[in-house]
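Novice:
Protein chains: 2
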Amino acid sequence: MDQLEIFKALSNKTRLEILQWLKAPEQHFEQQDHDDFEGQGVCVGQIQAKAGLTQSTVSEYLTILQRAGLLQQTRVGQWTYYKRNEEAFEALGKLIQTDI
Amino acid sequence: MDQLEIFKALSNKTRLEILQWLKAPEQHFEQQDHDDFEGQGVCVGQIQAKAGLTQSTVSEYLTILQRAGLLQQTRVGQWTYYKRNEEAFEALGKLIQTDI
DNA sequence: AAGATATATCGGTTTTTCCCGAAATCCCAA
DNA sequence: TTGGGATTTCGGGAAAAACCGATATATCTT
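Residue numbers (my numbering), protein chains in the order written: chain W, 41 to 140; chain A, 41 to 140.
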């Protein structure tokens with residue numbers, strides 16, 4: 041758990057918004073045929089459309105959040121799904137109240 | 041409580057170290073005549089010496105941490121003392137486990 | 001095998017952050 | 001009231017982050 045990497049990942053407005061959206065995908069995204077919000081999460085394209093940035097930028101942001109351990113990635117066919125890693129947020133909350 | 045501002049303040053190695061040092065000033069700094077670690081905290085000069093960066097840089101970093109609400113500032117004579125605002129860390133920990 | 005769709009990666013430009021030295025401010029003591 | 005010590009503020013160069021468009025890769029369909 042690299043604190044600095046985590047805080048850097050959280051130091052961006054769009055990335056914070058993405059984390060918010062992924063807290064309740066059914067409220068923020070339209071479910072499509074291939075989607076399974078609960079099981080897999082949301083695919084890059086849907087997040088990109090909502091973020092209003094280019095595909096390459098959003099893809100990069102999701103990688104940053106994933107490398108920090110805050111998101112989990114699943115590849116299914118041509119889609120890559122991302123969902124929150126709730127354990128990481130739990131751990132981070134505790135870390136702040138004890139270690140930092 | 042501006043989340044983004046807080047995370048930006050935490051996105052720097054030296055600033056994270058400063059927060060660590062201020063958790064236990066008596067372990068990290070030498071108490072001097074004018075010092076009152078418990079009451080007021082540690083003055084800029086001592087933090088600067090330990091950080092190994094220039095005075096102006098450290099002063100700026102302390103301001104960033106203070107504006108984010110993570111440090112409290114007290115001016116006494118010619119010295120400015122900084123200490124942690126523990127309530128802010130409590131609140132941030134909770135925020136991460138609920139809001140983010 | 002070829003085209004379409006979804007995503008990742010690669011260069012590059014703009015903006016922000018890092019960090020410095022110099023100058024300004026603020027306070028104390030002689 | 002002048003000088004010295006502590007700190008802040010200011011201007012700027014170097015490094016990192018924010019984006020972008022173009023290209024590459026991977027998968028599905030036909």
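The beta-carbon is built from N, C-alpha and C at its ideal position, and this holds for glycine as well.
Would you tell me roughly how many angstroms separate the C-alpha atoms of W/Ile-46 and A/Phe-47, rounded to the nearest one?
Specialist: One-based indexing of the first sequence puts residue 46 of chain W at position 6. One-based indexing of the second sequence puts residue 47 of chain A at position 7. If you take the alpha carbons of W/Ile-46 and A/Phe-47, they lie about 9 Å apart.
Novice: Of all the residues that make up the region 102-113 of chain A, which are near chain W by a beta-carbon distance shorter than 7 Å?
Specialist: For the region 102-113 of chain A, which is checked against every Cβ of chain W, not one residue is closer than 7 Å.
Novice: Across the region 56-76 of chain A and the region 57-73 of chain W, are there enough close Cβ pairs to call them in contact, namely three or more that are closer than 8 Å?
Specialist: No, they do not touch.
Novice: Rounded to the nearest angstrom, what separates W/Gln-104 and W/Gly-92 at their Cα positions?
Specialist: Within the first sequence, the letter at position 64 stands for residue 104 of chain W. Within the first sequence, the letter at position 52 stands for residue 92 of chain W. Gln is not the amino acid found at residue 104 of chain W; the sequence shown has Ile there. Approximately 18 Å, taken between the alpha carbons.
Novice: May I ask you to list, following chain order, the residues of the region 71-98 of chain A that have a beta carbon less than 7 Å from some beta carbon of chain W?
Specialist: Listed by position along the chain: nothing, the set is empty.
Novice: By the criterion of Cβ-Cβ separation under 9 Å, what are the contact partners of A/Leu-56 in chain W?
Specialist: One-based indexing of the second sequence puts residue 56 of chain A at position 16. Within chain W, the residues near A/Leu-56 are Gln-43, Leu-44, Phe-47 and Ile-140.
Novice: Would you list, in sequence order, the uninterrupted beta strand (DSSP E) runs of no fewer than 3 residues that lie entirely inside the region 98-124 of chain W?
Specialist: Runs found: 111-116 and 119-124.
Novice: For A/His-68 and A/Lys-90, which I take to be in contact (beta-carbon distance under 8 Å), what is that distance rounded to the nearest angstrom?
Specialist: Reading the second sequence from its first residue, position 28 is the one you call residue 68 of chain A. Reading the second sequence from its first residue, position 50 is the one you call residue 90 of chain A. With a Cβ gap of about 7 Å, A/His-68 and A/Lys-90 count as contacting.
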